Amino acid sequence: MDVQPLEFITVRAALPTIPLPPHASRQPIVTERLILRPLSPDDLQPLHVLRTQPEVMKWSAAGRVDADMEETQTKLAQNLPPNDADNYDFSICLRSTGEWIGIGGCKRPAGGELGWPEIGYMIQKDYWGSGYATEFVEAFLGAWWSLPRSEREIDVDKATVPGHRAGDVVEEIITAVTEPANFASQKILGKWGFKKLKAWKEEGEGGGEGKTLVGHGIGRPKQYLAQTTSLQLGGGP
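Sequential numbering from 1 applies to the sequence shown in full-length UniProt numbering.
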């Protein structure tokens, strides 16, 4: 995929209503092997273990392990009330034991790298290769698509809305961002229908050129589209 600069236009779409449901009203999501639940202050220690594993953090936005517990505390606070209003992350726990093994969800419902909401996850390295990330993505998407929606304007990259112009009403998507060499995450995303949309260079420190990123996206399935009746998709006036 050729690397292209990001180019944004303003469109309208039905997206999860902000503020999101508060932590107190979010029920655990139970799968065959996992329980997804809102994060709590008690998750600090396992989150620090996760965020100090170089193999995990290599693919994170930070690209490095946390310097200390204080840095991890700052990251955890981003997932706790009152920040639950615009954060839809979950603790990923084993259903059999309750053990905390990772974190995942959407930290950017108001717009990620490509403008759209963006899914992400991190699993402790000891649990790689067991299909937990795949199981998480399936469960999370079901919960995400079921959230209440409302119409709003959103600035998105043109590559995510081919054939549309500024002002059009478009179908929503959720995105994910990987590095080109992160084949494991790309494989997981592909299993659930994510398609590669664009590759670009992020801005590096000091305004220089950063690493190459690849954006993936998937639209809201038809069975969930029936829940949205207030928008007429198509061209603008």
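The beta carbon of each residue, even a glycine, is placed where N, CA and C say it ideally should be.
These figures come from a predicted structure and were not determined experimentally.
Query                                                                                                                                       : Result
Does DSSP classify P46 as helix, strand or coil?                                                                                            : helix
Could you give the residue range of the beta strand (DSSP E) that holds residue 258?                                                        : Residue 258 lies beyond the residue range present for the chain, which begins at 1 and ends at 237; the question has no answer from this structure.
Would you kindly report the start and end of the unbroken alpha helix (DSSP H) that includes F194?                                          : F194 -> no alpha helix (DSSP H), and no H or E assigned at all.
Helix, strand or coil, according to DSSP, for residue 239 in the structure here?                                                            : Coverage of the chain is limited to positions 1 through 237, which leaves residue 239 absent and any answer about it impossible.
Helix, strand or coil for L213, going by three-state DSSP, please let me know.                                                              : strand
Determine the burial state of Q78: buried for a count of at least 16 other Cβ atoms within 10 Å of its Cβ, exposed for fewer.               : exposed
Return the bridge partner residues of E118 from the DSSP annotation.                                                                        : T175
How many angstroms separate the CA atom of G193 from the CA atom of I218?                                                                   : 6 Å
Between the alpha carbons of G234 and R220, how many angstroms are there, rounded?                                                          : At G234, the pLDDT of 42 sits below 50, so the modelled position is not reliable and the matter cannot be decided from this model.
To the nearest angstrom, how far is the alpha carbon of L94 from that of L39?                                                               : 14 Å
Look at the alpha carbon of L80 and the alpha carbon of H23, and state the distance between them as a whole number of angstroms.            : 8 Å
Along the alpha helix (DSSP H) that carries P54, what are the first and last residues, could you check?                                     : 54-57
Taking a contact to mean a Cβ-Cβ separation below 8 Å, would you say P16 touches L147 in this structure?                                    : yes
Going by C-alpha distance, which of K222, G204, Y127, K187 is nearest H216?                                                                 : K187
For E113, name the three-state secondary structure that DSSP assigns.                                                                       : coil
Could you check if Q124 is buried or exposed, using at least 16 other CB atoms within 10 Å of its CB as the buried criterion?               : buried
By Cβ distance below 7 Å, which residues in the same chain neighbour E209 in space, the five residues on each side in sequence not counted? : K201
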